[in-house]
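Asker: Got a structure for you, written out below as structure tokens; questions coming shortly.
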Amino acid sequence: MSLASFLLPVLLPLPLLLSPRSQAQVTSGGEMESMLFCTVCNTVVGSLNDDLKYLIDANKYWRQADLDQRLALACGHPQISKGEMKAVCGRFVMEHFRKLKHELYRRYTPGYEEHEELIAVRDFCESLKACRPQQLTLYEHYTRAAKKMV
10 MSLASFLLPV LLPLPLLLSP RSQAQVTSGG EMESMLFCTV CNTVVGSLND
60 DLKYLIDANK YWRQADLDQR LALACGHPQI SKGEMKAVCG RFVMEHFRKL
110 KHELYRRYTP GYEEHEELIA VRDFCESLKA CRPQQLTLYE HYTRAAKKMV
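Its first residue numbered 10, the sequence shown is counted upward by one per residue in the numbering used here.
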């Protein structure tokens, strides 16, 4: 099974195909769209980081096919809701697939400087330009709003 045939049904819902946005990074689009990209990046990279921690602790690694499959399933995370957020996630993973794969590979493969280091999620998302410095994710906005209600 080719990577494209595996990824396309998972990551390319119809809203993604119709969307005018071409790159998964913060642009002059609306604040909500920008917040969704930041939220998706933090959720996906955080989840991958959890898996990476398990691999490092268990002294295991992903075969290339396993890593490709894990990245293809990244948008299935329970915190990635259906609709626009799922579409944003699909764009994010497709746009940054190689970078994500490269970063993960270097962290669980002996011989690389980053071997056994976890990804600094927020810094990584900012380096991808998925988040602006100090930008809040959707969940951080919810948390702040909930605290104000108490």
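Cβ coordinates follow ideal geometry from the N, Cα and C atoms, glycine included.
Fair warning: this is a prediction, and the values are worked out from it, not measured in the lab.
When the Cα of K110 is compared with those of M41, D66, R72, which residue comes out closest?
Answerer: Locating residue 110 in the sequence shown gives position 101, where the first residue counts as 1. Among M41, D66, R72, the Cα nearest to that of K110 is on R72.
Asker: Report buried or exposed for T36, applying the criterion of at least 16 other Cβ atoms within 10 angstroms of its Cβ.
Answerer: For the purposes of this step, residue 36 is taken as residue 27 along the sequence shown, with counting starting at 1. Model confidence at T36 stands at a pLDDT of 47, short of 50, so the residue's coordinates are unreliable and nothing is read from them.
Asker: Would you mind giving the Cβ-Cβ distance between T146 and M44, rounded to the nearest angstrom? I have them listed as a contact below 8 Å.
Answerer: For this step, residue 146 is matched to residue 137 along the sequence shown. For this step, residue 44 is matched to residue 35 along the sequence shown. Right, their Cβ atoms sit about 7 Å apart.
Asker: With a threshold of 7 Å on Cβ separation, who are the neighbours of V130 within its own chain once the five nearest residues in sequence on each side are excluded?
Answerer: Translated into positions along the sequence shown, residue 130 becomes position 121. Closer than 7 Å at Cβ, skipping near neighbours: N51, V54, G55, N58.
Asker: Which two residues bound the contiguous alpha helix (DSSP H) that contains Q78?
Answerer: Here residue 78 corresponds to residue number 69 of the sequence shown, with the count starting at 1. Counting along the chain, the alpha helix (DSSP H) containing Q78 begins and ends at 73-81.
Asker: What residue range is occupied by the uninterrupted alpha helix (DSSP H) comprising G245?
Answerer: The structure shown does not extend to residue 245, since the chain is modelled only from 10 to 159, so the question has no answer here.
Asker: Can you tell me where the alpha helix (DSSP H) holding Y121 begins and where it ends?
Answerer: Within the sequence shown, residue 121 is the residue found at index 112, counting from 1. It is not in any alpha helix (DSSP H) - Y121 carries neither H nor E in the DSSP assignment.
Asker: With C-beta atoms as the reference, is Y114 less than 8 Å away from L61?
Answerer: If you number the sequence shown from 1, residue 114 lands on position 105. If you number the sequence shown from 1, residue 61 lands on position 52. No; because the gap between Cβ atoms is not below 8 Å, this pair is not in contact.
Asker: Could you name the residues of the same chain whose beta carbon sits closer than 7 Å to that of L25, not counting the 5 residues immediately before and after it, in chain order?
Answerer: On the sequence shown, position 16 is the one that residue 25 refers to. Bear in mind that a pLDDT of 38 at L25, under 50, signals an unreliable position, so the model cannot answer this.
Asker: Taking the alpha carbon of T118 as the reference point, which residue from G39, N68, R141 has its own alpha carbon closest?
Answerer: Working through the sequence shown from its first residue, we reach residue 118 at position 109. If we check each option's Cα against that of T118, N68 comes out closest.
Asker: Quick check on S90: does DSSP put it in helix, strand or coil?
Answerer: The sequence position of residue 90 within the sequence shown is 81, counting from 1. In this structure, S90 counts as coil in the three-state DSSP scheme.
Asker: In three-state DSSP terms, what is C50?
Answerer: Locating residue 50 in the sequence shown gives position 41, where the first residue counts as 1. In this structure, C50 counts as helix in the three-state DSSP scheme.
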